[in-house]
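Mind the numbering: the sequence shown is residues 20 to 412 in this note's numbering, read in order. Every residue gets a Cβ at the ideal spot worked out from N, C-alpha and C, and that includes glycine. Report on one structure; see the data block that follows.
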Amino acid sequence: MPTAVDDAEPHGVPRDAAGGPIRSDAAAHERLRRGIHPDRISASWPVIGEPIEQDGRMLHPVTFVAEAVAGHEVMVHLNGVTDAHRENIVPALMEPVAGGRHALTYLLPADLRVSYRFAADASLPRDAGRTREGWRRIHELGRTDPRNPDTIPNPLGTMSSVLTMPRAPRHPAWDAAAVDEPPLSTVHLSEHAATVVHGDPSRVLMLFDGEWWEQLGIAAALVRVGGPTTVLVPSGSLARRAQLLPDPERLLPHLLDEVVPAVAAVIGGWDAARTVVAGQSLGGLAAALTVCLRPDIAGTAIVQSGSFPHRAGQSLRPPAGQVGDLVRSLAGSRIQGRFLVQAGTEEPALLPAAEAFTAAARRAGGDAALRVYTGGHDFAWWRIGLFDALDAL
């Protein structure tokens, strides 16, 4: 029987009348205004204040502080959270405070895990997000928080800082303090085939966007918890990724003709029943496509923030509420396999799309469950959710 949707779903970041996160004047913020040096306020930043109960929810004031070049404006960009300000970034601009610094305090949920960056320039366009190019410029300007040692690589080829709230999900796979880790055993097959990380031979995980996961340290994380043998399937350039992952006529032959035979020769065969395929965004869609259309490749999919609104031949930013090709194709179809679907509360297009796919997969005979994380379109929680899903199998 299909697994029920988790009833204890997070509700996401509380919003003000303009749709953005709620700003607050916390104690740390007030002290910055008075010119107190950040080092005398806290040993670590951002500063997470004492919890506040609001409408039955537990929130914390979180104060960010940034140094800036004189005359520059600074915006704090929290993945997904401040995207509501794409067409008017004013509510995300940090306030100049004493000492040439900028500060901003938001009320954020106790279970949020999110990456963020500071974007600074002499004049930040107020409507930067009206165009794809303008929003890309905000990303290009983004820098990590030098006071926060917790950083992760991002798909832009740069780094992001990570905010982990007190009740955010954690997983020991990412406990960097672990000691006495056994040596890694990896086999790099080819530029476009895969890298194999040897782990538990009774299970195989095939993971799209393998080069991104390598940068995140997935191999060490797998070793820490005795994870499965993992096949890191690279996507290549962003252009190749956009062509390959959502198109079953390109994706499935690539897997069947290149990836599976090469990996099978290394691990001693291929068994779909013990193989899990996982991905994020377009990779999440690719994972779902693989199990729906070729269960002889993998019997289970971990689908994180899947791009289910995607339709062939359309822009990568489809209209809000659009039902994509895969969900439409499931009407009247019969499928097998298991789907562990995940999405973030701060993904206004992809969360309802994940709900639509989960329902459609169940109607078609699949075993599908949805779990919602408090976060955006973000490796900050994807890396936790991946291991949560593996633990659930």
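CA-CA distance, residue i and residue j?
{"i": "Ser-61", "j": "Ala-122", "result": "14 Å"}
{"i": "Glu-365", "j": "Arg-162", "result": "21 Å"}
{"i": "Val-198", "j": "Val-242", "result": "Any answer about Val-198 is weak, because its pLDDT of 46 lies below 50 and its placement is not dependable; what the coordinates show is given next. Straight-line Cα distance between these residues: approximately 11 Å."}
{"i": "Ala-388", "j": "Leu-359", "result": "5 Å"}
{"i": "Pro-40", "j": "Pro-220", "result": "45 Å"}
{"i": "Ala-283", "j": "Asp-290", "result": "9 Å"}
{"i": "Ala-192", "j": "Gly-404", "result": "11 Å"}
{"i": "Pro-280", "j": "Ser-334", "result": "33 Å"}
{"i": "Asp-194", "j": "Ala-240", "result": "8 Å"}
{"i": "Pro-110", "j": "Thr-150", "result": "19 Å"}
{"i": "Thr-248", "j": "Pro-165", "result": "36 Å"}
{"i": "Ala-46", "j": "Arg-59", "result": "13 Å"}
{"i": "Gly-395", "j": "Gly-54", "result": "33 Å"}
{"i": "Gln-323", "j": "Arg-76", "result": "25 Å"}
{"i": "Leu-97", "j": "Gly-288", "result": "43 Å"}
{"i": "Ile-286", "j": "Leu-251", "result": "14 Å"}
{"i": "Thr-101", "j": "Met-94", "result": "10 Å"}
{"i": "Gly-318", "j": "Arg-357", "result": "6 Å"}
{"i": "Ala-373", "j": "Ala-380", "result": "10 Å"}
{"i": "Pro-57", "j": "Arg-156", "result": "29 Å"}
{"i": "Ser-63", "j": "Gly-385", "result": "46 Å"}
{"i": "Ala-138", "j": "Ala-383", "result": "45 Å"}
{"i": "Gln-262", "j": "Ser-348", "result": "20 Å"}
{"i": "Ile-321", "j": "Ala-238", "result": "18 Å"}
{"i": "Gly-332", "j": "Gly-218", "result": "39 Å"}
{"i": "Asn-107", "j": "Ala-408", "result": "37 Å"}
{"i": "Ala-87", "j": "Arg-105", "result": "22 Å"}
{"i": "Phe-376", "j": "Ser-142", "result": "42 Å"}
{"i": "Pro-338", "j": "Glu-92", "result": "32 Å"}
{"i": "Asp-25", "j": "Tyr-392", "result": "Only weak support is given to the placement of Asp-25: the predicted model assigns it a pLDDT of 38, under 50, and the question is left unresolved by the model."}
{"i": "Pro-188", "j": "Phe-406", "result": "11 Å"}
Would you identify the three-state DSSP class for residue i, choosing helix, strand or coil?
{"i": "Asp-25", "result": "Confidence at Asp-25 is low in this model, with a pLDDT of 38, below 50, so the placement of that residue should be treated as unreliable; the coordinate-derived value is given next. Asp-25 falls in the coil class under three-state DSSP."}
{"i": "Trp-332", "result": "Position check: residue 332 holds Gly in this sequence, whereas Trp was assumed. The answer is coil: DSSP assigns Gly-332 none of H, G, I, E or B."}
{"i": "Arg-149", "result": "helix"}
{"i": "Val-348", "result": "According to the sequence shown, residue 348 is Ser rather than Val. Here Ser-348 sits in helix by DSSP."}
{"i": "Pro-272", "result": "helix"}
{"i": "Val-32", "result": "coil"}
{"i": "Arg-120", "result": "strand"}
{"i": "Thr-82", "result": "strand"}
{"i": "Asp-397", "result": "coil"}
{"i": "Thr-249", "result": "strand"}
{"i": "Gln-361", "result": "strand"}
{"i": "Val-198", "result": "Low per-residue confidence applies at Val-198: pLDDT is 46, beneath 50, and the placement is therefore not dependable enough to give any value."}
{"i": "Val-285", "result": "helix"}
{"i": "Ile-316", "result": "coil"}
{"i": "Pro-128", "result": "strand"}
{"i": "Leu-241", "result": "helix"}
{"i": "Glu-69", "result": "coil"}
On the CB-based measure, 16 or more other CB atoms within 10 Å of its CB, does residue i come out buried or exposed?
{"i": "Leu-275", "result": "exposed"}
{"i": "Arg-390", "result": "buried"}
{"i": "Gln-73", "result": "exposed"}
{"i": "Ser-254", "result": "buried"}
{"i": "Arg-136", "result": "buried"}
{"i": "Gly-351", "result": "exposed"}
{"i": "Ser-179", "result": "buried"}
{"i": "Asp-344", "result": "buried"}
{"i": "Ala-36", "result": "exposed"}
{"i": "Ala-103", "result": "buried"}
{"i": "Gly-38", "result": "exposed"}
{"i": "Gly-31", "result": "buried"}
{"i": "Gly-245", "result": "exposed"}
Among residues of its own chain, excluding the 5 on either side of residue i, which ones have a beta-carbon nearer than 6 Å to its beta-carbon?
{"i": "Leu-301", "result": "Leu-264, Pro-265 and Ser-326"}
{"i": "Ala-305", "result": "Phe-227, Leu-264, Leu-270 and Gly-298"}
{"i": "Gln-341", "result": "Pro-328"}
For residue i, which option in the options has the closest C-alpha, if you only look at C-alpha atoms?
{"i": "Pro-267", "options": "Thr-309, Gly-340, Ala-317 and Val-100", "result": "Thr-309"}
{"i": "Val-449", "options": "Val-66, Ile-71 and Gln-323", "result": "Because the chain spans 20 through 412 in this model, residue 449 falls outside it and cannot be assessed."}
{"i": "Arg-402", "options": "Val-282, Val-279 and Trp-231", "result": "Trp-231"}
{"i": "Asp-397", "options": "Val-216, Leu-409, Gly-236 and Ala-362", "result": "Ala-362"}
{"i": "Pro-174", "options": "Asp-228, Pro-33, Glu-49 and Ala-408", "result": "Asp-228"}
{"i": "Thr-177", "options": "Ala-129, Leu-160 and Met-184", "result": "Leu-160"}
{"i": "Ala-292", "options": "Arg-330, Val-223, Arg-353 and Pro-367", "result": "Val-223"}
{"i": "Arg-50", "options": "His-30, Val-295 and Val-84", "result": "Val-84"}
{"i": "Ala-89", "options": "Gly-119, Gly-68, Met-225 and Glu-114", "result": "Gly-119"}
{"i": "Leu-412", "options": "Val-296, Arg-330 and Val-346", "result": "Val-296"}
{"i": "Met-225", "options": "Pro-367, Met-184 and Gly-303", "result": "Gly-303"}
CB-CB under 8 Å to residue i, same chain, minus the five flanking residues each way: which ones, in chain order?
{"i": "Val-181", "result": "Arg-132, Val-133, Ser-134, Tyr-135, Asn-167, Asp-169, Thr-170, Ile-171 and Ala-399"}
{"i": "Gly-153", "result": "Pro-144, Asp-146 and Ala-147"}
{"i": "Leu-271", "result": "Leu-308, Thr-309, Leu-312, Arg-313 and Ile-316"}
{"i": "Pro-33", "result": "Pro-40, Ile-41, Gln-73, Asp-74, Arg-76, Leu-78, Leu-126 and Pro-128"}
Leaving out the 5 sequence neighbours to the left and right, which residues in its chain are closer than 7 Å to residue i when beta-carbon positions are compared?
{"i": "Arg-52", "result": "Val-116 and Ala-117"}
{"i": "His-48", "result": "Thr-82, Ala-122 and Thr-124"}
Should residue i be listed as close to the ligand NAD, given that the test is whether its C-beta is under 8 Å from any heavy atom?
{"i": "Gln-262", "result": "This structure lacks the ligand NAD, and indeed carries no ligand of any kind."}
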